[in-house]
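**Student:**
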Amino acid sequence: MYMLVAYEVALDLIRALRPVVAQLRSYSAEAADQVERAASSIVLNLAEGGRRHGRDPRRFFAIAHGSAGEIRGALDLADAWGWRVESAHARALLDRELGLLWGLTHQSKSKGAPDLPAPDAKARSIAVTRR
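The opening residue of the sequence shown carries number -13 in my numbering; numbering runs sequentially from there.
(1) Excluding the five sequence neighbours on either side, which residues of its own chain have a C-beta within less than 6 Å of the C-beta of Val29, listed in chain order?
(2) Using only the alpha-carbon positions, how far apart do Leu10 and Arg44 sit?
(3) How many angstroms separate the CA atom of Arg23 from the CA atom of Arg1?
(4) Can you give me the C-alpha to C-alpha distance between Ser96 and Gly89, rounded to a whole angstrom?
(5) For Leu86, is the beta carbon positioned less than 8 Å from some heavy atom of the ligand ZN?
(6) In its own chain, which residues sit with a C-beta less than 6 Å from the C-beta of Ser53, not counting the 5 before and 5 after it?
(7) Which first and last residues belong to the alpha helix (DSSP H) in which Arg77 is found?
(8) Out of Arg38, His92 and Leu3, point me to the one whose CA is closest to Ala18's CA.
Here it is as structure tokens:
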């Protein structure tokens, strides 16, 4: 489930990055190309990792996490150079994606799912202990 959410957010991130990449290209074709490659890498590694079992998927999720970090670096670089690039929406999606990818790379070794409780698990355990 977490992988599916990360995959959908990655696609949303690409959509949000399209105008950002166009703006970046006016300053640096190399930076724009790097953002395109890194964003594509996130989606492709999530797709491949989602088809694997055991510890192997985390390797692909870690690569996707690194690619998301590259995008953050490129956007920070644009700010540092003073390039006028409107990236607020893309940055918000990128932050969400980085969090999801962190969870996928730090998932339980035995279960193959992130070490996060189900949304109601804590509430259910409290209710059971109070009965």
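Just so you know, even glycine gets a beta-carbon here, dropped at the ideal spot from N, CA and C.
**Tutor:** According to the structure shown:
(1) If the five residues before and after Val29 are omitted, its C-beta is found closer than 6 Å to the C-beta atoms of Ala(-4), all from its own chain and listed in chain order.
(2) Within the model, the alpha-carbon separation for Leu10 versus Arg44 is close to 31 Å.
(3) Arg1 has its alpha-carbon roughly 14 Å from the corresponding atom of Arg23.
(4) Because Ser96 sits at a pLDDT of 44, beneath the cut-off of 50, its placement in the model cannot be relied upon, and the following sentence gives the value as read from the coordinates. Roughly 15 Å between the two C-alpha positions.
(5) In the structure on display, the ligand ZN does not appear, and there are no ligands present to speak of.
(6) Shown here for Ser53: same chain residues with a beta carbon closer than 6 Å to its own, the five before and five after excluded, namely Ala24, Ser27 and Ile28 in chain order.
(7) Judged by DSSP secondary structure, Arg77 falls within the alpha helix (DSSP H) whose first and last residues are Ala74 to Thr91.
(8) It is Leu3.
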